[in-house]
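Student: In my numbering, the protein residues as written are 6 to 184. Glycine included, each C-beta is placed from N, C-alpha and C at the ideal position.
#1: Can you tell me whether residue 111 is helix, strand or coil according to DSSP?
#2: Take every Cβ of the stretch 143-156, pair it with every Cβ of the stretch 47-54, and state whether three or more of those distances are shorter than 8 angstroms.
#3: Determine whether the beta carbon atoms of residue 34 and residue 176 lie at a separation below 8 angstroms.
#4: Between which two residues does the alpha helix (DSSP H) carrying residue 69 extend?
#5: Report the rounded CA-to-CA distance for residue 149 versus residue 61, giving the unit in angstroms.
#6: Considering only their Cβ atoms, is the gap separating residue 82 from residue 124 smaller than 8 angstroms?
#7: Round the Cβ separation of residue 165 and residue 73 to the nearest angstrom and send it over; I've been treating them as touching at under 8 angstroms.
#8: State the DSSP-derived secondary structure class of residue 87, mapped to helix, strand or coil.
#9: By how many angstroms is the C-alpha of residue 85 removed from the C-alpha of residue 121?
#10: Helix, strand or coil for residue 44 per DSSP?
#11: For residue 101, collect the residues of the same chain with a Cβ closer than 6 angstroms to its Cβ; drop the 5 residues on either side in sequence, then sort them by chain order.
#12: Have a look at residue 20 and residue 31 and give me their C-alpha separation to the nearest angstrom.
#13: Who are the Cβ neighbours of residue 45 in its own chain at under 6 angstroms, not counting the five residues just before and after it?
#14: Would you kindly work out how many angstroms separate the C-alpha atoms of residue 80 and residue 171, rounded to a whole number?
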């Protein structure tokens, strides 16, 4: 009887209708201090919720090295940009606009807006064109005091793209303060 009821209820549930352009929302941000013999720094994990109407999220390494992705921003599909709170104005400004040097031995290298772009693997098989939703985590380890200094308040803007080059909305994370 219970099995028949469960079957009856599941047949009434319709497949969700999501846009074929991915949609994301902020879920969580976590800052963890790392101290080991080989690295002292801070790890940031950004968690976002996603939904996509045709399930074409993610790129393999071989896909990102071929057209139409290679040589474009879409060779990556997880776009993250860092923003630091200016203590004088109280406004968040792009890390890329601050012209901070990556190292003192390479004074002409600066952070770019695309510095933390990355790629995530396909979430479903290519022949699955069904709506999907779930969570994605982006984790990055920042060496101590580079590029964020102790006491700085930082937040990130995030968007993702699917294999059809549809780019999601952009979300802003909550802020974290680096120790």
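Tutor: Checking against the coordinates, here is how it stands:
#1: Sequence index remark: in the chain shown, residue 111 carries index 106 (1-based). Any reading at residue 111 needs caution, since the residue's pLDDT is 48, under 50, leaving its predicted position unreliable; the model's value is listed next. In this structure, residue 111 counts as coil in the three-state DSSP scheme.
#2: The answer is yes - the stretch 47-54 touches the stretch 143-156, with three or more Cβ pairs under 8 angstroms.
#3: By one-based count along the chain shown, residue 34 stands at place 29. By one-based count along the chain shown, residue 176 stands at place 171. No, they are not a contact pair.
#4: As a first step, residue 69 must be located in the chain shown, where it is residue number 64. Taken as a continuous stretch (DSSP letters only), the alpha helix (DSSP H) holding residue 69 covers 66-69.
#5: In the chain shown, the residue the question calls residue 149 occupies position 144. In the chain shown, the residue the question calls residue 61 occupies position 56. Each residue's Cα considered, the two are about 37 angstroms apart.
#6: One-based indexing of the chain shown puts residue 124 at position 119. One-based indexing of the chain shown puts residue 82 at position 77. Contact flag set, yes.
#7: Translated into the one-based positions of the chain shown, residue 165 becomes position 160. Translated into the one-based positions of the chain shown, residue 73 becomes position 68. That belief does not hold up - the Cβ atoms of residue 165 and residue 73 are roughly 17 angstroms apart, past 8 angstroms.
#8: Residue numbering aside, residue 87 sits at position 82 when the chain shown is read from its first letter. Residue 87 carries a strand assignment under DSSP once its states are collapsed to helix, strand and coil.
#9: Translated into the one-based positions of the chain shown, residue 121 becomes position 116. Translated into the one-based positions of the chain shown, residue 85 becomes position 80. The alpha-carbon atoms of residue 121 and residue 85 are separated by roughly 6 angstroms.
#10: Within the chain shown, the letter at position 39 stands for residue 44. Coil.
#11: Residue numbering aside, residue 101 sits at position 96 when the chain shown is read from its first letter. Exclusion of the five residues before and after residue 101 leaves 116, 117 and 118 as the residues of its chain whose Cβ lies within less than 6 angstroms of its Cβ.
#12: In the chain shown, residue 20 corresponds to position 15, counting from 1. In the chain shown, residue 31 corresponds to position 26, counting from 1. Taking the straight line from one Cα to the other gives about 24 angstroms.
#13: Within the chain shown, numbered from 1, the residue matching residue 45 stands at position 40. Excluding five sequence positions before and after residue 45, the CB atoms of its chain that fall closer than 6 angstroms to its own CB belong to 149, given in chain order.
#14: Locating residue 80 in the chain shown gives position 75, where the first residue counts as 1. Locating residue 171 in the chain shown gives position 166, where the first residue counts as 1. For the pair residue 80 and residue 171, the Cα-to-Cα distance works out to about 13 angstroms.
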